[in-house]
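Take a look at the structure set out below.
Residue numbers (our numbering): 1 to 163.
Right under this line is the structure:
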């Protein structure tokens, strides 16, 4: 009896270590390509679109079995960074801002060469808050990292999460 409980517990532990994301990628898919995103957001740092493109490449490379291929990929991505907005949120009495917010929006097109029905085009937006007493330049790298993580999660799940 104890042996079966031990086997059951071990099975649960080992199955929880398996990556759910990798299991959702079809076995027929072998490769991907990410075209460098365009930058149309006026206030964005000039290299932000390149950084986002590289982050998307890294996410797919590290969390899926797909290989990067520029020539004949099974899945390809292209898009545009269209919004980079700083706003004030949570006004306090006396019109003092208590939170500053950085919002980034990207338009993404994913082309699925094997099954056109799985291709999609969608806009993704996310934000991160920061202390209004801080200079944006001093915190923007960390904010970009936080926002990219959420955007990349959404893009990855849109592509591979057949929920």
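From the three backbone atoms N, C-alpha and C, an ideal C-beta is built for every residue, glycine too.
Note that this is a predicted model, so its numbers are computed, not measured.
Residue i - DSSP class collapsed to helix/strand/coil
{"i": "residue 31", "result": "strand"}
{"i": "residue 43", "result": "coil"}
{"i": "residue 159", "result": "helix"}
{"i": "residue 21", "result": "Because residue 21 carries a pLDDT of 43, less than 50, the predicted location of this residue cannot be relied on, and no value is offered for it."}
Anticipated Cβ contact below 8 Å, residue i with residue j, distance rounded
{"i": "residue 155", "j": "residue 128", "result": "Incorrect: roughly 17 Å between the Cβ atoms, too far for contact."}
{"i": "residue 81", "j": "residue 39", "result": "5 Å"}
Selection from the options that minimises the alpha carbon distance to residue i
{"i": "residue 60", "options": "30, 143, 72, 50", "result": "30"}
{"i": "residue 122", "options": "151, 72, 114", "result": "151"}
{"i": "residue 117", "options": "58, 68, 70, 75", "result": "75"}
{"i": "residue 110", "options": "136, 73, 126, 87", "result": "73"}
{"i": "residue 51", "options": "157, 159, 144, 158", "result": "144"}
{"i": "residue 103", "options": "112, 142, 87", "result": "87"}
{"i": "residue 85", "options": "119, 140, 149, 157", "result": "140"}
Cutoff 8 Å; reference residue i; Cβ partners in own chain excluding five residues on either side
{"i": "residue 89", "result": "97, 98, 99, 100, 101, 129"}
{"i": "residue 153", "result": "none"}
Proximal residues to residue i (C-beta, below 6 Å), its chain only, five neighbours per side dropped
{"i": "residue 34", "result": "53, 56, 57, 77"}
{"i": "residue 83", "result": "41, 105"}
Residue i: CB within 7 Å of a non-hydrogen atom of the ligand NAD
{"i": "residue 76", "result": "Judged by which ligands are present, the structure shown has none, so any question about the ligand NAD falls away."}
Own chain, CB closer than 7 Å to residue i, minus 5 neighbours either side, in chain order
{"i": "residue 70", "result": "33"}
- Task: Output the residue ranges of the beta strand (DSSP E) runs that lie fully inside the segment 59 to 140 and measure 3 residues or longer, sorted by chain position.
- Result: Whole beta strand (DSSP E) segments, 3+ residues: 75 to 92, 96 to 112, 120 to 130.
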